[in-house]
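**Student:** Under the numbering used here, the first residue of the sequence shown carries the number 133, and numbering increases by one thereafter.
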Amino acid sequence: MVKKIYLYGNWKMNMTRSETEAFYKDFAGQVKGSPLSAAMGTALEAAVFPPFTSLAAAENASKTCPKGLAPILGAQNAYLEPKGAFTGEVSLPMLKDIGCTHVILGHSERRVIFGETDELIAQKVGAALKESIVPVFCYGETLEEREGNKTFDVLSRQLRALSALSAAELGRIIYAYEPVWAIGTGKSATSAEAQEACVYSKKLLGELGGGESLVVLYGGSVKPDNARELLSMDAIDGALVGGASLKADSFLQIYKAYAGIN
Ligand code: PGA
């Protein structure tokens, strides 16, 4: 059976306003009149996460897309306080004001390059939930941790950081397992490795009270040519895509490869 797929594009520090407009035009053009248009919003939930400076352009461009055919809009980060003296930061109410319904939190680049801790990320997740913004919570082990057989300890620590949240709150989060060694390297996890980590995550989150039907995405070098194998795994509900999400064509090809659409 073909399941619902979450196809989320993390643009990172890429895409100017004009590139964003071009992406939306291309995206709508490819979806319109193809089997993708029936899937959008039902079998396929597509979202993009532009940099802050392109969010307004994305929001405007989405209004020019035929109804129901624009991707959901999210941001790549946010600060937990609603406003105040936090130079350089952007708040969750500000993201809502610009049309975002989702926000990526805890991406490994935030953890590794910008020193975000499990604790800070958990606070941000809580703040997003209070603001009714869907957090896309990223977690995953480094190569060193995997090679040292610490993968599941690390996933456990990162997920347990959310344990202060209520069962209902845990159920509103979208989780994205992203092994750090697979991000931007062209070396995806195998489908078995990704499945194993997602099964483990669902079990642990279930124990924390998160319920049965949690959404867990896989991220790390997802491309049209490995999408079918990864997305066919039953514990993987979709993909968080970096590099291959910058062009509407390769982004949509990921879903097409899974669903068998030419
Ligand atoms: P990648 O990035 O697809 O370019 O590996 C994934 C991510 O960091 O979300």
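For every residue, glycine included, the Cβ atom is placed at its ideal position computed from N, Cα and C.
(1) Work out the CA separation of Ala259 and Ala207 for me, nearest whole Å.
(2) Just the Cα atoms here: how many angstroms apart are Asn192 and Ala299?
(3) What is the DSSP secondary structure of Ala380, reduced to helix, strand or coil?
(4) Check whether the region 157 to 172 and the region 192 to 205 are in contact - that is, three or more C-beta pairs closer than 8 Å.
(5) When the Cα of Thr233 is compared with those of Lys135, Lys335, Tyr140, which residue comes out closest?
(6) Flag Leu363 as yes if its beta-carbon sits less than 8 Å from any beta-carbon of chain C, otherwise no.
(7) Using 8 Å for Cβ pairs, my map puts Ile305 next to Phe269. What's the rounded Cβ distance?
(8) By DSSP, does Met145 sit in helix, in strand, or in coil?
(9) In the DSSP assignment, find the alpha helix (DSSP H) that holds Phe284 and state where it starts and stops.
(10) Would DSSP call Leu346 helix, strand or coil?
(11) Using CA coordinates, which residue listed in Lys144, Ser240, Thr317 is at the minimum distance from Ser353?
(12) At 3 residues or longer, and completely inside the region 136 to 210: list those beta strand (DSSP E) runs for me, N to C.
(13) Quick check: does the Cβ of Glu248 come within less than 7 Å of any heavy atom belonging to ligand 2?
(14) Compute the minimum distance between the beta carbon of Leu372 and the heavy atoms of ligand 1, and state whether it is under 7 Å.
(15) Could you check if Ser323 belongs to the surroundings of ligand 1, using beta carbon to heavy atom distance under 7 Å?
(16) Does DSSP put Val373 in a helix, in a strand, or in coil?
(17) To the nearest angstrom, report how far apart Thr148 and Ala380 are at their CA atoms.
(18) Please report the residue range of the alpha helix (DSSP H) in which Leu363 lies.
(19) Based on the DSSP secondary-structure assignment, which residues constitute the bridge partners of Ser223?
(20) In chain order, what residues of the same chain lie with their CB nearer than 8 Å to the CB of Pro225, ignoring the 5 residues before and after it?
(21) Please classify Ala391: does DSSP put it in a helix, a strand, or coil?
(22) Look at Ala190 and Thr152 and say whether their C-beta atoms are less than 8 Å apart.
(23) Between Val222 and Phe184, how many whole angstroms is the CB-CB distance? I'm expecting something under 8 Å.
(24) Note down, in chain order, each residue of its chain lying with its Cβ closer than 7 Å to the Cβ of Asp250, except the 5 sequence neighbours on either side.
(25) Apart from the five residues just before and just after Ala178, which ones in its own chain have a Cβ nearer than 6 Å to its Cβ?
(26) Measuring only the C-alpha atoms, how far is Gln385 from Ala217?
(27) Measuring alpha carbon to alpha carbon, tell me which of Pro182, Met145, Gly200, Ser186 ends up nearest Leu168.
(28) In three-state DSSP terms, what is Cys270?
**Tutor:** Taking the geometry as given:
(1) C-alpha separation (whole angstroms): 14 Å.
(2) 35 Å
(3) helix
(4) These segments touch.
(5) Tyr140
(6) The chain labelled as chain C is not found in the depicted structure, where only one protein chain is given.
(7) 5 Å
(8) DSSP places Met145 in coil when its eight states are reduced to three.
(9) Unbroken alpha helix (DSSP H) run through Phe284: 283 to 292.
(10) coil
(11) Thr317
(12) 137 to 142, 176 to 181, 204 to 207
(13) The model on display carries ligand 1 but not ligand 2.
(14) Within the cutoff, so yes.
(15) Result no, Cβ not under 7 Å from ligand 1.
(16) strand
(17) 15 Å
(18) Leu363 -> alpha helix (DSSP H) spans 356 to 363.
(19) Tyr211
(20) Pro214, Lys215, Glu263
(21) helix
(22) yes
(23) 6 Å
(24) These residues qualify, in order along the chain: Arg289, Gln290, Ala293.
(25) Leu139, Pro203
(26) So the alpha carbons of these two residues sit roughly 43 Å apart.
(27) Gly200
(28) strand
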